[in-house]
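From first to last, the protein sequence lines stand for chains A and B. Straight run, no breaks: the first sequence in the numbering used here ends on number 761. Straight run, no breaks: the second sequence in the numbering used here ends on number 316. Below is one structure, written out as structure tokens; the observations come after it.
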Amino acid sequence: MKVLVAVKRVVDYNVKVRVKADGTGVDIANVKMSMNPFDEIAVEEAVRLKEAGKVSEVVAVSLGVKQCEETLRTALAMGADRAIHVETDAELQPLAVAKLLKAVAEKEQPQLMILGKQAIDDDANQTGQMVAALLGWGQGTFASKVDLAAETVDVTREVDGGLETVKLRLPAVVTTDLRLNEPRYVKLPNIMAAKKKPLDKLTVEALGVDVTPRLKTLKVAEPAKRSAGIKVANAAELVAKLKNEAKVL
Amino acid sequence: MAILVIAEHDNQSLKAGTLNTVTAAGKVGGEVHLLVAGHNCGAVADAAKAVAGVAKVLVADSAQYAHGLAENLAALVVDLAKNYSHVLSPAGTSGKNFLPRVAALLDVAQISDIVAVESADTFVRPVYAGNVLATVQSVDSIKVITVRTTAFEAAALGGSANVDSIGAAAEAQLSSFISQELTKSDRPELGAAKVIVSGGRALGSEEQFKAIIEPLADKLGAAVGASRAAVDAGYAPNDYQVGQTGKVVAPQLYVAVGISGAIQHLAGMKDSKVIVAINKDEEAPIFQVADYGIVGDLFTVVPELIQALGNN
Ligand SMILES: Cc1cc2nc3c(=O)[nH]c(=O)nc-3n(C[C@H](O)[C@H](O)[C@H](O)COP(=O)(O)OP(=O)(O)OC[C@H]3O[C@@H](n4cnc5c(N)ncnc54)[C@H](O)[C@@H]3O)c2cc1C
Ligand SMILES: Nc1ncnc2c1ncn2[C@@H]1O[C@H](COP(=O)(O)O)[C@@H](O)[C@H]1O
């Protein structure tokens with residue numbers, strides 16, 4: 513069984529981004545970029561499925577600028593077998609990403625596709641659900657456990673009230689939540705080996721997808737800053753302040 | 005054209021976030037219809053028709069909607085959506101699950117997690133863990149939107165909308181419900197609570213999390229939340245996680261106990277009215293957003309706080 517994993521290159525989660533002075537966008541020149549953390553979990557899950565003998569091939573896919581190659585090399589170092597890069601400088605919104613991934617899936621014919629539940633830059637939480645819809649596949653979103661069988665997959669999902677388990681007919685889409693697994697650290701020999709693994713290129717044109725953005729960003733701004741308050745000496749003083757000053761008790 | 009809001013519910017009661025979503029829909033301007041898709045969900049339909057500002061309630065009662073499976077729900081909403089200018093749902097795990105599917109099938113974008121309505125096609129939404137607010141304009145014919153419920157007031161009750169029964173769509177047959185394991189609690193729901201006490205990694209174990217956080221929450225009539233680190237370590241259930249990738253809350257009072265204040269955590273709670281932080285590190289970033297801070301060991305400060313509250 514083949515698994516396709518989508519990995520996005522995003523601003524590292526430790527970086528606090530700044531809005532450009534003219535409010536047209538976010539300044540990401542010279543900031544550290546990494547694989548979206550939920551996608552690391554996705555790669556880890558796919559590789560574990562392969563190690564467990566349930567999956568024969570893991571293919572990582574990334575869409576975007578030239579440097580996505582680095583993200584794909586990380587996925588290869590973690591254990592993916594090969595990589596596909598759909599290279600473009602165009603702005604890609606979730607619907608366009610979903611259409612591109614659908615086109616890749618139609619070429620590759622995977623039985624399972626694993627994505628992160630959310631990219632930590634656009635915070636959209638859409639792409640996995642969209643690609644599942646476009647392919648007419650079932651979806652197991654926000655997964656904390658994936659139990660893969662020959663023709664079905666059981667997915668335990670993190671939902672607002674607790675956990676829920678659904679059974680999906682394969683092929684299907686899974687999106688990862690934080691508790692699914694703890695991604696491995698890549699070791700130097702794996703990084704070296706990853707350089708020799710195949711990384712194929714595709715274009716938006718060849719896949720025949722219209723990626724024109726549907727949402728126009730009119731402006732970006734920083735939210736109102738919250739100012740630091742005061743330190744109080746002890747619990748009694750806190751209770752007094754909450755009662756008499758903040759009036760929340 | 006009218007606006008369709010998808011109600012969030014568990015077949016018994018209407019979830020509070022639906023009321024905030026109706027308010028957001030009202031800001032778009034247009035007649036608001038509320039869809040209740042479920043199974044044996046008559047009580048929800050009754051609650052829905054009492055929401056002020058709702059002109060009509062549509063009820064699709066069928067076994068295939070009993071557990072809100074995204075594939076089935078999306079098929080129903082896609083059929084209805086063609087008669088609406090906007091389709092909105094609360095940005096809970098239910099809306100986040102089925103609504104992007106609806107958007108893709110309609111070949112339109114989804115606008116996630118809006119915090120303001122500027123006009124019928126322009127909305128404000130947070131990106132980058134809430135460090136940036138983006139104003140976005142949609143060029144699509146149907147706007148598909150999830151709503152950050154803490155950013156909008158709850159709609160009032162006292163309306164009396166008409167209720168129409170509608171048929172179910174063809175079942176997708178892609179997925180089926182197996183089981184659920186819901187966190188049992190008599191406390192208020194996190195998303196709607198007026199007071200929240202949250203615990204972090206510093207609690208050290210599930211037992212200590214319970215022994216320290218719960219009595220304080222009891223005293224304050226509060227809901228309980230947690231940081232990711234506390235959830236990952238198994239001190240608290242997954243649905244307690246507050247933050248960028250967990251729940252977003254905005255209570256009157258948020259008490260952060262042994263939480264450092266990473267941006268991912270702040271993203272979920274910095275719109276609280278009053279924030280209290282208890283942390284032994286006076287440099288912890290949580291103090292930069294806290295109205296009141298106590299620098300000290302939580303294992304002594306929290307019991308003292310419970311006692312001080314008791315004296316009032
Ligand atoms: C993709 C991604 C998504 C994430 N999403 C979220 C999210 O939604 N929500 C979230 O919370 N985090 C999220 N995180 C994690 C986040 O980055 C932090 O790691 C996490 O919030 C830290 O949790 P903490 O504050 O409990 O732990 P720590 O950062 O370890 O802080 C513990 C604090 O307790 C204090 N302390 C220790 N002992 C005591 C004591 N005895 N008394 C008083 N104080 C004490 C310490 O001084 C410290 O400040 C995410 C991270 C990633 C990468
Ligand atoms: N440009 C991209 N390249 C590869 N995968 C992507 C891309 N954009 C989104 N994804 C995948 O979709 C998931 C959800 O992204 P989003 O819907 O933008 O929050 C991510 O975690 C990735 O797995």
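Beta carbons are placed, not taken as given, at the ideal position from N, Cα and C, and that holds for glycine.
* Asked: Using the beta carbon as the reference atom, which residues fall closer than 5 Å to any heavy atom of ligand 1, ordered along the chain?
  -> Y525(A), P549(A), G204(B), R205(B), A206(B), S231(B), R232(B), A233(B), G247(B), Q248(B), T249(B), G250(B), G262(B), I263(B), S264(B), A266(B), Q268(B), H269(B), N283(B), K284(B), D285(B), A288(B), D301(B), L302(B)
* Can you check whether the CB of A197(B) is closer than 7 Å to the CB of P255(B)? -> yes
* To do: For K728(A), write down the residues that DSSP places opposite it in a beta bridge.
  => Q141(B)
* Asked: Using Cβ-Cβ distances below 9 Å, what residues of the segment 642-660 of chain A are close to chain B?
  -> M642, V643, A644, A645, L646, G648, W649, G650, Q651, G652, T653, F654, S656
* To do: Kindly confirm or deny that the segment 730-737 of chain A and the segment 527-541 of chain A touch, where touching means at least three C-beta pairs closer than 8 Å.
  => yes
* Would you list the one or two residues that DSSP bridges to F127(B)? => V121(B), V140(B)
* **Sheet register partners of G674(A) (DSSP bridge)** => V671(A), L186(B)
* Asked: By a C-beta neighbour count over all protein chains shown, 10 Å radius and 16 as the cutoff for buried, is S264(B) buried or exposed?
  -> buried
* **Exposure label - P701(A); buried when at least 16 CB within 10 Å** => exposed
* Put N166(B) into one of helix, strand or coil per three-state DSSP. => strand
* To do: Could you check which residue in L178(B), D125(B), D168(B), A233(B) has the C-alpha nearest to that of V58(B)?
  => D168(B)
* Asked: Excluding sequence positions up to five away, which residues of its chain have a Cβ less than 7 Å from the Cβ of E557(A)?
  -> I626, V658, T688, L692, N693
* Closer than 6 Å by C-beta to A54(B): which residues in its own chain qualify, once you throw out the five before and the five after it? Chain order, please. => L161, G163
* Reference A52(B); option with closest CA among G72(B), L8(B), A95(B) -> L8(B)
* Asked: So, is the C-beta of P104(B) closer than 7 Å to a C-beta in chain A?
  -> yes
* Asked: To the nearest whole angstrom, what separates the beta carbons of T600(A) and M547(A), a pair I think is in contact under 8 Å?
  -> Not a contact, Cβ separation roughly 18 Å.
* **Contacts that I267(B) makes with chain A (C-beta to C-beta distance below 7 Å)** => K528
* Asked: Taking DSSP as the reference, what is the three-state secondary structure of Q256(B)?
  -> coil
* Asked: Start and end of the beta strand (DSSP E) containing D65(B)?
  -> 58-65
* Where S116(B) falls, given that 16 or more other Cβ within 10 Å makes a residue buried -> buried
* If you measure from the beta carbon of K731(A) to each beta carbon in chain B, is any gap under 7 Å? -> yes
* Asked: Three or more beta-carbon pairs under 8 Å between the segment 638-653 of chain A and the segment 608-617 of chain A, yes or no?
  -> yes
* **Of the listed residues T583(A), E563(A), K566(A), A564(A), nearest to A572(A) (C-alpha basis)** => T583(A)
* Asked: Hey, would you say V744(A) sits closer than 7 Å to V278(B), going by beta carbons?
  -> no
* Examine ligand 2 and report whether any of its heavy atoms sits within less than 6 Å of the Cβ of V609(A). => yes
* **Own chain, CB closer than 8 Å to R521(A), minus 5 neighbours either side, in chain order** => M545, S546, M547, N548, S574, G576, V577, Q579, C580, E582, T583
* beta-carbon T150(B) near ligand 2 non-hydrogen atom, thresh 6 Å -> no
* From R530(A) to H269(B), what distance separates their C-alpha atoms? -> 18 Å
* **Alpha carbon of Y525(A) to alpha carbon of I632(A), nearest angstrom** => 7 Å
* Cut-off 7 Å between Cβ atoms - residues of its own chain near T664(A), not counting five sequence neighbours on either side -> K679, L680, R681, L682
* Asked: In terms of residues, what are the limits of the alpha helix (DSSP H) holding A533(A)?
  -> Taken as a continuous stretch (DSSP letters only), A533(A) belongs to no alpha helix (DSSP H), as it is neither H nor E.
* Hey, is G225(B)'s beta-carbon within less than 7 Å of any beta-carbon in chain A? -> no
* Asked: Ordered along the chain, which non-local residues of its own chain (more than five positions away) have a Cβ less than 6 Å from that of V517(A)?
  -> A554, V555, A558, A572, I626
* Asked: How about N702(A): is its Cβ closer than 6 Å to a heavy atom in ligand 2?
  -> no
* Asked: Relative to the alpha-carbon of L272(B), which residue among S183(B), D190(B), S202(B) has its alpha-carbon at the smallest distance?
  -> This sequence places Gly at residue 272(B); Leu is not what is there. It is S202(B).
* Is S574(A) near ligand 2, going by C-beta to nearest heavy atom under 6 Å? -> yes
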